[in-house]
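Undergrad: One structure is given below, represented as structure tokens, and several questions about it will come after.
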């Protein structure tokens, strides 16, 4: 039978940490490494106290030395099959607890028709169980086989821990992406080399249009070389600056409209928060302006008119109200928004981040 080298098998162990599809291949290679017929690997992410029952109750009651060194250094042990003590089709012991343990742990890993070697490998986040078998006609497993497999234990433990850590990171990533998706503005998180770590749906759409900015091999890029240099310089300035102000760079658009990119360093200084201020992005709706600043309906309507480029006189004429009333409303808006002039008000509202209306 073809055998695998230990170093090659260890490579597959770590491949399995990042790809579920590798687990069956790992079992296959484990069987070849042990010169066995079959191998099974099962990952359990659960409270390890549950597995103490296997050691303290199941093994002691059945007399099978299957996990006698559970949670100790010597994990690989020979599984003797005491058919008379524990038949393959049932158990002489009564009680739901034992039957549950028998069905979950003994039956999947032990078979009276084969020679077996099994292990329960504890990690901080659960247990990894392994079982390999040879036909009865083959050479029985020896202490040498156990010692040979012992070298795999720390790597299998690390693989199990890495999988738990990656699943946790993926879960956090999904939460972060969902949060970013509530921003209507294209929003990204990038590394110093412009690798995109996270991007909301709006950013994906904006980059797909290739109007000034696009994604290339997972990195944020500008269409024009001079824009690309400005983007790189602004990103580095944001990451290495004093953190007091965001960096802003202007990117030329394919339709003649410029796109403003706002970059701010995250707290770890290893990533940057990037907002693409695309002129095509919808501005805040009246309901949002009203909620943010406590504006009345008339004050909100006046603010929106000013954002469209209308004057107070235009607004008064369109609403058929006196200009003094409109000016009074404008004064109230300036006070509530803590701005001093109409131009400052418009500038502040033009920079206001836009949230989606549906959550």
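In my numbering, the protein residues as written are 887 to 1245. Think of the CB as a built atom: it goes at the ideal place given N, C-alpha and C, for glycine as much as any other residue. Note that the structure is a prediction, hence the values are computed from the model and not measured.
Give the range of the alpha helix (DSSP H) segment to which residue 1056 is assigned.
TA: Start at 1 with the first residue of the chain shown, and residue 1056 comes out as number 170. Unbroken alpha helix (DSSP H) run through residue 1056: 1039-1066.
Undergrad: Taking Cβ positions, are residue 1158 and residue 1124 nearer each other than 9 Å?
TA: Reading the chain shown from its first residue, position 272 is the one you call residue 1158. Reading the chain shown from its first residue, position 238 is the one you call residue 1124. In this structure, residue 1124 lies closer than 9 Å to residue 1158 by Cβ.
Undergrad: Given this structure, state the Cα-to-Cα distance separating residue 1177 from residue 1190, to the nearest angstrom.
TA: Within the chain shown, the letter at position 291 stands for residue 1177. Within the chain shown, the letter at position 304 stands for residue 1190. If I take the Cα positions, the gap works out to 14 Å.
Undergrad: With a threshold of 8 Å, are at least 3 pairs of Cβ atoms found where one atom belongs to the segment 1053-1069 and the other to the segment 1022-1038?
TA: They do not touch, by the three-pair rule.
Undergrad: What would DSSP say about residue 1207, mapped onto helix, strand or coil?
TA: Looking up residue 1207 in the chain shown gives position 321. Three-state DSSP puts residue 1207 in coil, outside helix and strand.
Undergrad: Can you tell me where the beta strand (DSSP E) holding residue 1074 begins and where it ends?
TA: For the purposes of this step, residue 1074 is identified with residue 188 of the chain shown, where counting begins at 1. Start and end: 1073-1076.
Undergrad: If you reduce the DSSP assignment to three classes, tell me which class residue 915 lands in.
TA: Position 29 of the chain shown, counting from 1, holds the residue named residue 915. If DSSP states are grouped into helix, strand and coil, residue 915 belongs with the helices.
Undergrad: At the level of alpha carbons, what is the spacing between residue 1043 and residue 1026?
TA: Locating residue 1043 in the chain shown gives position 157, where the first residue counts as 1. Locating residue 1026 in the chain shown gives position 140, where the first residue counts as 1. Approximately 26 Å, taken between the alpha carbons.
Undergrad: Report, in whole angstroms, the separation of the C-beta atoms of residue 1049 and residue 920, which I expect to be a contact under 8 Å.
TA: As a first step, residue 1049 is located in the chain shown; it is residue number 163 there, counting from the start. As a first step, residue 920 is located in the chain shown; it is residue number 34 there, counting from the start. Not quite, the Cβ-Cβ distance comes to about 22 Å (not below 8 Å), so this is no contact.
Undergrad: Given that a residue counts as buried once 16 or more other Cβ atoms are within 10 Å of its Cβ, and exposed if not, what is residue 1153?
TA: Reading the chain shown from its first residue, position 267 is the one you call residue 1153. Exposed, because fewer than 16 other Cβ atoms sit within 10 Å of the Cβ of residue 1153.
Undergrad: In angstroms with no decimal places, state the Cα-to-Cα distance between residue 892 and residue 1007.
TA: Reading the chain shown from its first residue, position 6 is the one you call residue 892. Reading the chain shown from its first residue, position 121 is the one you call residue 1007. Taking the straight line from one Cα to the other gives about 18 Å.
Undergrad: Return yes when the C-beta of residue 1220 is under 8 Å from any heavy atom of the ligand SAH, and no when it is not.
TA: In the structure shown, the ligand SAH is absent, as is every other ligand, since no ligand is present at all.
Undergrad: What three-state label does DSSP hand residue 1105 in the structure shown?
TA: As a first step, residue 1105 must be located in the chain shown, where it is residue number 219. It is a strand residue.
Undergrad: How about residue 1073 and residue 1134: do their beta carbons lie closer than 9 Å?
TA: If you number the chain shown from 1, residue 1073 lands on position 187. If you number the chain shown from 1, residue 1134 lands on position 248. Not closer than 9 Å, so no.
Undergrad: Thinking C-alpha only, which one of 925, 1046 and 1024 is nearest residue 905?
TA: Stepping through the chain shown from its first residue, residue 905 is reached at position 19. Answer by Cα proximity: 1046.
Undergrad: Using DSSP's beta-bridge definition, name the partner residues of residue 1005.
TA: Your numbering for residue 1005 matches position 119 in the chain shown. Residue 1005 is bridged to 1016.
Undergrad: Using CA coordinates, which residue listed in 1222, 1088, 1020 and 1038 is at the minimum distance from residue 1175?
TA: Counting from one through the chain shown, the residue named residue 1175 turns up at place 289. Nearest C-alpha to residue 1175: 1222.
Undergrad: For the alpha helix (DSSP H) holding residue 873, just list the boundary residues, first then last.
TA: A question about residue 873 goes unanswered here, because the residues of the chain that appear run from 887 up to 1245.
Undergrad: Of all the alpha helix (DSSP H) runs that stay within the bounds of the segment 1214-1239, which reach a length of 4 or more residues?
TA: Taking only runs of at least 4 residues, the alpha helix (DSSP H) segments lying wholly in the segment 1214-1239 are 1228-1236.
Undergrad: Going by the beta-carbon positions, is the gap between residue 1066 and residue 1086 smaller than 9 Å?
TA: Sequence index remark: in the chain shown, residue 1066 carries index 180 (1-based). Sequence index remark: in the chain shown, residue 1086 carries index 200 (1-based). A contact, by the Cβ cut-off of 9 Å.
Undergrad: Would you tell me roughly how many angstroms separate the C-alpha atoms of residue 1082 and residue 1137, rounded to the nearest one?
TA: Residue numbering aside, residue 1082 sits at position 196 when the chain shown is read from its first letter. Residue numbering aside, residue 1137 sits at position 251 when the chain shown is read from its first letter. Cα-Cα distance, rounded: 18 Å.
Undergrad: Between which residues of its own chain and residue 1198 is the CB-CB distance below 7 Å, once the five residues before and five after are set aside?
TA: The residue given as residue 1198 occupies position 312 in the chain shown. Closer than 7 Å at the Cβ level, and outside the excluded window around residue 1198, lie 1209, 1212, 1213 and 1216.
Undergrad: By Cβ distance below 7 Å, which residues in the same chain neighbour residue 1010 in space, the five residues on each side in sequence not counted?
TA: As a first step, residue 1010 is located in the chain shown; it is residue number 124 there, counting from the start. The answer, listed in chain order, is 1047.
Undergrad: Which value, in whole angstroms, describes the spacing of the CA atoms of residue 1063 and residue 1052?
TA: Residue numbering aside, residue 1063 sits at position 177 when the chain shown is read from its first letter. Residue numbering aside, residue 1052 sits at position 166 when the chain shown is read from its first letter. Going by the C-alpha atoms only, they are around 16 Å apart.
Undergrad: For residue 895, collect the residues of the same chain with a Cβ closer than 6 Å to its Cβ; drop the 5 residues on either side in sequence, then sort them by chain order.
TA: If you number the chain shown from 1, residue 895 lands on position 9. So the qualifying residues of the chain are 915 and 919.
Undergrad: Which value, in whole angstroms, describes the spacing of the CA atoms of residue 1061 and residue 1225?
TA: Position 175 of the chain shown, counted from the first residue, corresponds to residue 1061. Position 339 of the chain shown, counted from the first residue, corresponds to residue 1225. Those two C-alpha atoms are separated by around 35 Å.
Undergrad: Buried or exposed for residue 1022, going by 16 or more other Cβ atoms inside 10 Å?
TA: By 1-based counting over the chain shown, the position of residue 1022 is 136. Label assigned to residue 1022: exposed.
Undergrad: Straight-line CA distance for residue 1193 to residue 1220?
TA: Position 307 of the chain shown, counted from the first residue, corresponds to residue 1193. Position 334 of the chain shown, counted from the first residue, corresponds to residue 1220. Each residue's Cα considered, the two are about 14 Å apart.
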